[in-house]
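Below is one structure; the comments refer to it alone.
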Amino acid sequence: MRGWTASLLALAAAVAPHVPAGEFPLRLEGLSPALAEALHEAHADAQRQAATLTDADSRAGAWGRLGMFYHAQHLAHAAEQAYSRALAEADQARWRYLRAIVLQERGENEQAVADYRRVAAADSDNVAAWYRLGAGLLLQGDYAGAEQALANADRKAPNSAIVLVALADLAAAREQWTTVRQLLERAWALEPDAGQIAYKLAMAHRRLGNIEEARDYLARRGSDNAAPKIHDPLLLQVAQLSRSARFFVKAGQWALERDDHAGAVEALETAAALAPDDIDIRLTLVHMLGIAGRGERGLREVRHVLAIAPESGRGWYLLAWLLRNSVDSARQQEAHDAVRRSLSLKEDAKTRALSAALSMRGRRFAEAAADYKLLAAQHPNEARYRYWLAMARLGAGDCQSRSALEQALRLRAQWGEAHLLLARADALCGDLQAARQRALGLLKAKDDADTRLTLALVELASGRGGEARTLATAELPHPDAAMLLRALAQGALPQTPFADQSAWWLPPEIR
Numbered sequence: 005m006r007g008w009t010a011s012l013l014a015l016a017a018a019v020a021p022h023v024p025a026g027e028f029p030l031r032l033e034g035l036s037p038a039l040a041e042a043l044h045e046a047h048a049d050a051q052r053q054a055a056t057l058t059d060a061d062s063r064a065g066a067w068g069r070l071g072m073f074y075h076a077q078h079l080a081h082a083a084e085q086a087y088s089r090a091l092a093e094a095d096q097a098r099w100r101y102l103r104a105i106v107l108q109e110r111g112e113n114e115q116a117v118a119d120y121r122r123v124a125a126a127d128s129d130n131v132a133a134w135y136r137l138g139a140g141l142l143l144q145g146d147y148a149g150a151e152q153a154l155a156n157a158d159r160k161a162p163n164s165a166i167v168l169v170a171l172a173d174l175a176a177a178r179e180q181w182t183t184v185r186q187l188l189e190r191a192w193a194l195e196p197d198a199g200q201i202a203y204k205l206a207m208a209h210r211r212l213g214n215i216e217e218a219r220d221y222l223a224r225r226g227s228d229n230a231a232p233k234i235h236d237p238l239l240l241q242v243a244q245l246s247r248s249a250r251f252f253v254k255a256g257q258w259a260l261e262r263d264d265h266a267g268a269v270e271a272l273e274t275a276a277a278l279a280p281d282d283i284d285i286r287l288t289l290v291h292m293l294g295i296a297g298r299g300e301r302g303l304r305e306v307r308h309v310l311a312i313a314p315e316s317g318r319g320w321y322l323l324a325w326l327l328r329n330s331v332d333s334a335r336q337q338e339a340h341d342a343v344r345r346s347l348s349l350k351e352d353a354k355t356r357a358l359s360a361a362l363s364m365r366g367r368r369f370a371e372a373a374a375d376y377k378l379l380a381a382q383h384p385n386e387a388r389y390r391y392w393l394a395m396a397r398l399g400a401g402d403c404q405s406r407s408a409l410e411q412a413l414r415l416r417a418q419w420g421e422a423h424l425l426l427a428r429a430d431a432l433c434g435d436l437q438a439a440r441q442r443a444l445g446l447l448k449a450k451d452d453a454d455t456r457l458t459l460a461l462v463e464l465a466s467g468r469g470g471e472a473r474t475l476a477t478a479e480l481p482h483p484d485a486a487m488l489l490r491a492l493a494q495g496a497l498p499q500t501p502f503a504d505q506s507a508w509w510l511p512p513e514i515r
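Residue 429 in the numbering used here sits at position 425 of the sequence shown, with consecutive numbering throughout.
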């Protein structure tokens, strides 16, 4: 594939002087001269190959590749004609599948379904074909056929969010709202950044009468209505033929899904080169550089963007995100200032959570508590915000923090970390019977250093210094063990539930 892909991209980049009148059947108005010439040359090349190649499969390949080039430029009618020419030469599943996609894009769903059905029969492992067949049948109102096709897709790709969403759409058509919610919750767990899933979950909860849950999911969706992703190698090949920056952004996302970080960066570099003034694309490149472990280059890029667009809240967020794990005090302060600047431009839960996390690392507990209190109010069903609100307050020595922990545990009753924190908070705040009962229960469930040191803290708070010393000494050099032994030497309780250098103080945003 690479040879003809490269040649077509080279053609698309070349600027030729003139397209002879009457020799090209497409309407080329509005296209750049370079792209119009590339299309003309690609069409002529396909005609030459079809006239000289001796076997049908090769002739089909010539027309099919032309169809892919048209498809990449959003010329759906021309792409359909080229794919049809390919199928007239040889009935190959790849060209039938791509023709079905352009037919569906043009609203010709019945013909598209017929093609998808034949593709799925010929290539039973083609998850994308089964998914698209199911979606097309659902659109036609053929619920039984859609169920069978989507069940095949689900069996072959049981962790595909887009298939689960299609199954949820089928259940919604049948008004099976509990099933809709269950399917969408599985999809949301797989792709929590897909705002479309959050929106559908909100609608399902509304139908079930769960108004608060509906509002919560609408808040999580925000302004993002991104659909769940589909693994579709053929469409990725189509995207590689496009001169559109947005196609290369999508190609970068697909590469990231495959953990191909180098490929993702390369695709976004191409997108940025095609649209040098598009701030969103440049910031997406910055994000990808950070994911790929190329943070220093990402910092140079984002600082350049912010010099051009100082009012970009996303830019300031990404600057803070790239600096979030720095051990340099100057960079830590820069990260803190950047995330606060981002919040001043646009309120966003992800940004506020990063702000709170950076404050936790800097031991600015009052700032962190203010952020987590706001997040908990905005997302009342998110237990993690109440947990970190309690952590921030405990860092400041506030025993009132326990109420936030109790609320978190009402939302997530089996959350071990929250139970451990509450046991330590109870010990420090004088509720010794509750602390001992909880610590012993934790030890039965999970006998590890953290739970043993929790019991040691309870023993210390209960005046059993010998037992506390024995337990703590056995865990050295654990920082919490050293903290407890220092407190024993001073004849006092620790000021906080964990040692200053403990990773327990670090929220997930900065780990």
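By construction, the Cβ of each residue, glycine as well, lies at the ideal position given by its N, Cα and C atoms.
{"Item": "I need the boundaries of the alpha helix (DSSP H) containing E179, first residue and last residue.", "Value": "E179 -> no alpha helix (DSSP H), and no H or E assigned at all."}
{"Item": "By how many angstroms is the C-alpha of S330 removed from the C-alpha of A64?", "Value": "55 Å"}
{"Item": "Compare the beta carbon distance of I285 and A275 with 8 Å and say whether it is the shorter of the two.", "Value": "yes"}
{"Item": "Given 8 Å as the limit, is there contact between the segment 326-342 and the segment 298-313, that is, 3 or more CB pairs closer than that?", "Value": "yes"}
{"Item": "What do you reckon, are the CB atoms on A422 and L413 nearer than 8 Å?", "Value": "yes"}
{"Item": "Applying the criterion that 16 or more other CB atoms from any shown protein chain within 10 Å of the CB defines a buried residue, is D518 buried or exposed?", "Value": "Since the displayed the chain opens at 5 and closes at 515, residue 518 lies outside it and no answer follows."}
{"Item": "What did DSSP end up calling R103 once you bin it into helix, strand or coil?", "Value": "helix"}
{"Item": "In the DSSP assignment, find the unbroken alpha helix (DSSP H) run with P280 in it and report its ends.", "Value": "Here P280 belongs to no alpha helix (DSSP H), and DSSP marks it neither H nor E."}
{"Item": "Look up E27 in the DSSP assignment and say whether it is helix, strand or coil.", "Value": "For E27, the predicted structure reports a pLDDT of 34, less than 50, and the residue's modelled location is therefore unreliable. A value from the coordinates is still provided. The answer is coil: DSSP assigns E27 none of H, G, I, E or B."}
{"Item": "Please confirm whether A175 and Q200 have their CB atoms less than 8 Å apart.", "Value": "no"}
{"Item": "Are the segment 151-171 and the segment 120-140 touching by the rule of at least three beta carbon pairs closer than 8 Å?", "Value": "yes"}
{"Item": "Quick one: what does DSSP say D375 is sitting in, helix, strand or coil?", "Value": "helix"}
{"Item": "Quick check on the burial criterion: 16 or more other C-beta atoms within 10 angstroms. Buried or exposed for N156?", "Value": "buried"}
{"Item": "Helix, strand or coil: how does DSSP classify F518 here?", "Value": "Only positions 5 to 515 of the chain appear in this structure, which leaves residue 518 out of reach."}
{"Item": "Can you tell me whether E270 is helix, strand or coil according to DSSP?", "Value": "helix"}
{"Item": "Do we get a CB-CB distance below 8 Å when we pair V167 with the residues of chain C?", "Value": "Protein chain content of the structure displayed is limited to a single chain, and chain C is not contained in it."}
{"Item": "What does the Cβ neighbour count give for A25, buried or exposed, with the cut at 16 atoms within 10 Å?", "Value": "For A25, the predicted model reports a pLDDT of 31, less than 50, meaning its position is unreliable; a value from the coordinates is still stated below. Under this definition A25 is an exposed residue."}
{"Item": "Which class does I234 belong to by DSSP, given the choice of helix, strand or coil?", "Value": "coil"}
{"Item": "If G366 sits next to Q411, beta carbons under 8 Å apart, how far is it from one beta carbon to the other, in whole angstroms?", "Value": "Going by Cβ atoms, the distance from G366 to Q411 rounds to 26 Å, so no, they are not a contact pair."}
{"Item": "Compare the beta carbon distance of E84 and V106 with 8 Å and say whether it is the shorter of the two.", "Value": "yes"}
{"Item": "What are the start and end residues of the alpha helix (DSSP H) that includes H423?", "Value": "420-433"}
{"Item": "What separation, rounded to the nearest whole angstrom, lies between the Cα atoms of Q404 and R397?", "Value": "8 Å"}
{"Item": "Take R262 as the anchor and find which of A249, I234, E273, Y203 has the nearest alpha-carbon.", "Value": "I234"}
{"Item": "Roughly how many angstroms separate the alpha carbons of R216 and K350, rounded to a whole number?", "Value": "The amino acid occupying residue 216 in the given sequence is Glu; Arg does not appear at that position. Cα-Cα distance, rounded: 24 Å."}
{"Item": "Between the Cα of A443 and the Cα atoms of V462, R490, G434, which residue gives the shortest distance?", "Value": "V462"}
{"Item": "In angstroms with no decimal places, state the Cα-to-Cα distance between L457 and A373.", "Value": "26 Å"}
{"Item": "Counting only the same chain and skipping the five closest in sequence on each side, list residues whose C-beta sits under 7 Å from that of R190.", "Value": "L168"}
{"Item": "For P512, count the other beta carbons within 10 Å of its own beta carbon; 16 or more makes it buried, fewer makes it exposed. Which is it?", "Value": "exposed"}
{"Item": "I need the straight-line Cα distance from Q53 to E45, nearest angstrom please.", "Value": "12 Å"}
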